[in-house]
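Presented below is the structure to which this report refers.
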Amino acid sequence: MSVRAEAMPEVLQDVAPIVLPGHTYESISRAISDVVLERPMPRQWWACLGVGVALLGMLGASTAYLFWMGLGLWGINVPVGWGFAIVNLVWWIGIGHAGTLISAILLVFNQDWRTAINRFAEAMTLFAVMCAGIFPLIHVGRPWVVFFIFPYPNTMALWPQFRSPLLWDVFAISTYFTVSLLFWYTGLIPDLATLRDRAGKKIAKQIYGFFALGWRGSAKHWFRYEMAYLLLGGMSAPLVVSVHTIVSFDFAVSVIPGWHTTIFPPYFVAGAIYSGFAMVLTIMIPARKWFNLYDFITDRHMDNMAKVMLATGLVVLYGYMNELFYAWYSGNDYERFMMYNRAFGPYGWAYWLLLLCNGVAPQFLWIRKWRTNMVLLFIWSIIVNIGMWLERYVIVVTSLARDYLPSSWDHYSPTAFDWMAYVGSIGLFLTMMCLFIRFLPMISIFELRHQQHQVDHGEIA
Amino acid sequence: MAEHAINTEVPKIHGLVAEFDDPEQLLKAAEAAYRAGYRQMDAYSPFPIHGLAEAIGFRKTYIALFTLIGGLTGTVAGFVLQYFATVIHYPYMASGKPFNSWPSYMPITFEVTILFGAFAALGSMLALNGLPQPYHPIFNAKRFERASSDGFFLCIETDDSQYDSGATRDFLQGLNPVEVSEVLD
């Protein structure tokens, strides 16, 4: 089903190839496994790990103090009970979506260029979901009884509220994490066998060997493996759509003005993919440079990711326009006030900045030179990350701060502890990414070999 | 004494293994071996080669069926959990909704379906493949560490009814391999 090289339309032929010429199966295995087994980590890696661990320490210390003192250290108040915690939860979950999209949806649609980036993006998914998970854990206020959210037989004979989107979220996010982990590990098994066979040190051989489960590359095993991998991809594809749909239900099922709309599920899913691809670019552009992976992650990959970002960015912009239109068309005073308040109220700066980041900035990605200039693309990916964070900030804060009754309005402003939790979660993410790059192959080696086989036979280019 | 008895035992042979340079040769060799009537054999490659499993006579896998069963089990489990909790075990009225508010139970039912299905897919793949299996005689083959990088191997096992150490070796030699060697069990 792959596109044959000669059948490719002319417009695609002048973009970079999917892999630079001159590679063999052995040179691919060596190039990727040497990053883990042989080459010392570059200075930039140590710098990232250092920053990551420092921020992680800040997260730990500030959270410990927060548990001691209570949630009053955060800026949340009575109308704005959600604040940064939910903004960050939705932001991180959204970022996670790119990994599953690349690994599952592009797998099902036979998009060959996913091969070089899927492992990296899947790892990013797992770590982003971990970062997301800490926020509800802290936000419940009493994390030592957080198991109350799970349905388990208990002496109080109580069950969680199955009719509530917040409980759907618990199931969606925990399933998402588990299935992403299974999918990621399944993809890793043959590569762990490669590391086992190439590792010099006995301890490395034993650890990789343990996790490789005795994989030996038997034709029968590959046959079942490919079937299982495709099925996991096929199940992850609707899963990833369902997860952000359910996250959007947290808002859409409520009756708050600005939240109670049917556009939320598709617009949240598009936003998730948009921010996820931005984060993949943010970490892949430097990683490709520092580990010299230009042979496998070519400008084609960057160009394609930028295109996906542009397309989903347009869907997000459509969502913003839709919100404006429906606020007016509904004829509902509260909806109209909500929209006016968003643009010209106390948080208006965030709304206009968000339109700049998510509405105006992506339009530059129509220009190919912009998409293949790595410095610009890196800056643009940061802009999109900020824009998507602001989007969640605007949705959560403006609607809650001023709902139906003016007597219950209040202003929300984050405190230092809000910022420490947010920036600290970025530290957790950085630390996990650094450890992943150090100990596991960041590109799927067996899929690159398979891709090389297809390239050698002119099936893809 | 028992220890001496082990030492004097003749080492058992797992089979004859032929190493090939590239996937096409391995595929041709596997097809030739199947045509020659060999059935107890396996091919080893560093990436999936389409048609290789079929070439050695392996066509059917039940993973899709197991995954379907796993997924449907999840559907039932997810729904029954919610139905039991809200209708049978502790029914109480929330926002005037019926006890069995089945539309609200769909998201969790869906998530549990996927969760069980994913475990079934990975679990049945590992179970049918007999993994984890830390030891396998094929690891004794010469240069087999290359099977996870750029080595392509075909092994005809001694269990095969047609196996004959001389004739099978000659047959494999005729397939243009890099080398043919015996693998101890």
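Chains as they are written, first to last, in numbering that gives the first Met the number 0: chain P, 0 to 460; chain B, 0 to 184.
Ideal placement from N, C-alpha and C gives every residue a C-beta, glycine not left out.
DSSP places E18 (chain B) in the uninterrupted beta strand (DSSP E) bounded by 12-19.
By the C-beta density criterion, I107 (chain B) is buried, having at least 16 other C-beta atoms within 10 angstroms. By the neighbour-count criterion, in which 16 or more other beta carbons inside 10 Å mark a residue as buried, I94 (chain P) falls on the buried side. The beta-bridge partner set that DSSP reports for I155 (chain B) consists of B:L15, B:M40. A direct Cα-Cα distance of roughly 11 Å separates A192 (chain P) from R145 (chain B). Residue pairing of E178 (chain B) in beta bridges, as defined by DSSP: B:E18.
Secondary structure of S253 (chain P) (DSSP, three-state): coil.
Under the Cβ distance rule, S103 (chain B) counts among the residues neighbouring chain P, one pair being separated by less than 8 Å. Within the stretch 365-389 of chain P, the complete alpha helix (DSSP H) segments at least 4 residues long are 367-371, listed from N- to C-terminus. In the displayed model, S217 (chain P) falls within a strand according to three-state DSSP. L183 (chain B) is bridged by DSSP to B:I12. For W90 (chain P), the nearest beta carbon of chain B is not closer than 8 Å to its own beta carbon.
T244 (chain P) is positioned such that its CB atom lies closer than 8 Å to that of F267 (chain P).
The beta-carbon separation of G69 (chain B) and G36 (chain B), rounded to 38 Å, does not stay under the 8 Å limit for a contact. For chain B, the residues of the stretch 224-238 of chain P that bring a beta carbon within less than 7 Å of one of its beta carbons are Y224, E225, M226, A227, L230, L231, M234, L238, in chain order. Assigned with DSSP and collapsed to three states, R195 (chain P) falls in helix. L171 (chain B) is outside the set of residues whose beta carbon lies under 8 Å from a beta carbon in chain P. As the crow flies, the alpha-carbon of W369 (chain P) is around 7 Å from that of F363 (chain P). For F161 (chain P), the nearest beta carbon of chain B is closer than 8 Å to its own beta carbon. Looking at the backbone, the Cα of A76 (chain B) and that of T430 (chain P) are separated by about 37 Å.
About 7 Å separates the Cβ atoms of V128 (chain P) and I92 (chain P), confirming a contact at the 8 Å cut-off. DSSP places E458 (chain P) in the coil class of the three-state scheme, outside both helix and strand. Taking 8 Å as the cut-off, the beta carbon of I436 (chain P) is found no closer than this to the beta carbon of A251 (chain P). Taking CB atoms only, L157 (chain P) has a neighbour in chain B less than 8 Å away.
D111 (chain P) counts as buried, since at least 16 other C-beta atoms from the protein chains shown sit within 10 angstroms of its C-beta. Residue burial is scored here from C-beta neighbours: P39 (chain P) has fewer than 16 other C-beta atoms within 10 angstroms and is therefore classed as exposed. Note that the stretch 50-57 of chain B touches the stretch 214-227 of chain P; at least 3 beta-carbon pairs, one per stretch, sit closer than 8 Å. For F363 (chain P), there is no enclosing alpha helix (DSSP H), since its DSSP letter is neither H nor E. Beyond the five residues adjoining it in sequence on each side, G275 (chain P) comes within less than 6 Å, by CB distance, of I94, H96, A97 in the same chain, given in chain order.
Interface criterion not met: the Cβ of T167 (chain B) is under 8 Å from no Cβ in chain P.
Taking 8 Å as the Cβ-Cβ cut-off, the stretch 94-121 of chain B approaches chain P at S94, K96, S100, S103, Y104, P106, I107, F109, E110, V111, I113, L114, G116, A117, F118, A120, L121, given in chain order. When C-alpha distances from V79 (chain B) are compared across B:T66, B:N99, B:Y61, B:T157, the shortest belongs to B:N99.
Against chain P, the CB of D158 (chain B) has no partner CB under 8 Å away; the residue lies outside that interface.
Here the alpha carbon of T185 (chain P) sits roughly 18 Å from the alpha carbon of V239 (chain P).
The residue from P:N331, P:L166, P:V307, P:G318 with its alpha-carbon nearest to that of L100 (chain P) is P:V307.
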